[in-house]
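Line by line, the protein sequences give chains X and V.
Each residue of the first sequence is one higher than the one before, counting from 0 in numbering that gives the first Met the number 0.
Each residue of the second sequence is one higher than the one before, counting from 0 in numbering that gives the first Met the number 0.
All residues carry an ideal CB built from backbone N, CA and C; glycine is no exception.
The block underneath contains the structure these notes are about, expressed in structure tokens.
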Amino acid sequence: METLFSQQFLVEGGDFRNAGNASTQIKTILKQIGIPGEVIRRVAIAAYEAEMNMVMYAKRGVMTLRIEPMKVEISVEDEGPGIEDIELAMQEGYSTASPEIREMGFGAGMGLPNIKKNSDEFSIASTVGKGTQLSIRIRNRVVQSE
Amino acid sequence: MRLREICDTLKCEVMGGEDQLDMEIDVGCGADLMSDVLAFIKPNALMLTGLVNAQVVRTADIADVKAIVFVRGKKPDKDTIALAKEKGIPLLSTKLLMYESCGRLYAGGLRGGSEV
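Spelled out as structure tokens, the structure:
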């Protein structure tokens, strides 16, 4: 499928000051392109959850936004501890967050399930000691109906 | 419900966005967990929270939250106020506790976002 737009965003682990910047930029780009509001909201929430996960747990990571006529895709690849038990990590309420993360209002074990909830297609792969990859695809409904 | 009415109902101090008090709010959401805000909040909502860090404003921006009320007399720092101004999100602060803040707004006609 033809890619209309693509951009990479670097995310630094532990950089809470800038946490959310990449997702905010993604949201702005989607608005400028004229993607429907409800699609933007789902992409922004999924991207932000993924970005916060990288800031909270990984050393660093890359988030790639790719816009195609029928869908918006966010690919995430981080260098970090990886996830030992993906099935467990996908359960609502399961979290390995530190007290510092919880004080900020995160680490409730809702992130990965919420990314999946906002995606039309979602996949996750992880290697312990290396890192985690996510693929998030959300259909661009208005373009589809034309 | 208009933000101005919310401000009066909760006897709020306006911390930012004085010029936006005429905006219309569709629904309310009280939460101290930003993870829960991201998972459950509806668009065009008022967020009531006891957290005051900058991540609250970033979360609000991502989730299309229209305005934030800090409960229990909490007040955000300068960085958080500056970020909210940049994002165009009004900030209010009330001395009321979370339960009473939500209760007064619900009684005044601001509905919640529960799907059951």
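Check, Outcome
"Can you pull the chain X neighbours of Ala62 of chain V, defined as C-beta to C-beta under 9 Å?", "Arg40, Ala43, Ile44 and Tyr47"
"Let's test the definition: count the other Cβ atoms within 10 Å of the Cβ of Ala106 of chain V and tell me whether it reaches 16, buried, or not, exposed.", "exposed"
"How big is the Cα-Cα spacing for Asp25 of chain V and Ile123 of chain X?", "35 Å"
"What alpha helix (DSSP H) runs, 4 residues minimum, are completely inside the region 16 to 96 of chain X?", "20 to 32, 36 to 56 and 85 to 88"
"Using the three-state DSSP reduction, which class does Met14 of chain V fall into: helix, strand or coil?", "strand"
"Starting from Met33 of chain V and walking both ways along the alpha helix (DSSP H), at which residues does that stretch end?", "Met33 to Phe39"
"Given a cut-off of 8 Å on the beta-carbon distance, is the pair Val10 of chain X and Gly60 of chain X in contact?", "yes"
"Residues of the region 2 to 27 of chain X in Cβ contact with chain V at a cutoff of 9 Å, in chain order, please.", "Phe15, Arg16, Ala18, Gly19, Asn20, Ser22, Thr23 and Lys26"
"Rank X:Ser94, X:Gly92, X:Ile100 and X:Gln6 by C-alpha distance to the C-alpha of Gly12 of chain X and give the top, closest one.", "X:Ile100"
"Taking Ser34 of chain V as the query, report the chain X residues whose CB atoms sit under 9 Å from its CB, ordered along the chain.", "Glu48, Met51, Ser94, Gly104, Phe105, Gly106, Ala107, Gly108, Met109, Gly110 and Asn113"
"State the start and end residues of the unbroken alpha helix (DSSP H) segment that holds Ile61 of chain V.", "Ala53 to Ile61"
"Going by DSSP, what residues sit across from Ile67 of chain V in a beta bridge?", "V:Met46 and V:Leu90"
"For Leu29 of chain X versus Ile44 of chain X, is the C-beta spacing smaller than 8 Å?", "no"
"Could you tell me how far apart the beta carbons of Leu50 of chain V and Gly27 of chain V are, in whole angstroms, since I believe they sit closer than 8 Å?", "Not confirmed; about 16 Å, so no contact."
"Under 8 Å, Cβ to Cβ, is there at least one residue of chain X near Ala38 of chain V?", "yes"
"Does chain X have any CB closer than 8 Å to the CB of Asp25 of chain V?", "no"
"Once DSSP output is grouped into helix, strand and coil, what is the label at Ser118 of chain V?", "The question about residue 118 of chain V has no answer here: the residues shown for chain V are numbered 0 through 115."
"Does chain C have any CB closer than 8 Å to the CB of Leu47 of chain V?", "The structure shown contains no chain C; the protein chains it does contain are X and V."
"For chain X, check one thing: does any of its Cβ atoms lie closer than 8 Å to the Cβ of Pro42 of chain V?", "yes"
"Answer yes or no: does any C-beta atom of chain X fall closer than 8 Å to that of Arg57 of chain V?", "yes"
"Should Asp21 of chain V be flagged as near chain X, meaning a C-beta pair shorter than 8 Å?", "no"
"Going straight from the alpha carbon of Ala81 of chain V to that of Glu4 of chain V, what length do you get?", "24 Å"
"Does chain X have any CB closer than 8 Å to the CB of Asp76 of chain V?", "no"
"Under three-state DSSP, which class holds Thr2 of chain X?", "coil"
"Thinking Gly29 of chain V and Pro89 of chain V are a contact (beta carbons under 8 Å), I'd like their distance in whole angstroms, please.", "Not a contact, Cβ separation roughly 17 Å."
"If you draw a straight line from the alpha carbon of Gly72 of chain V to that of Lys10 of chain V, how long is it in whole angstroms?", "11 Å"
"Which residues in the same chain have their Cβ closer than 7 Å to the Cβ of Arg138 of chain X, if we skip the five residues on either side of it in sequence?", "Met69, Lys70 and Asp119"
"Please list, in chain order, the chain X residues whose beta carbon lies closer than 7 Å to that of Leu90 of chain V.", "The contacting residues do not exist; Leu90 of chain V stays about 16 Å from chain X at best."
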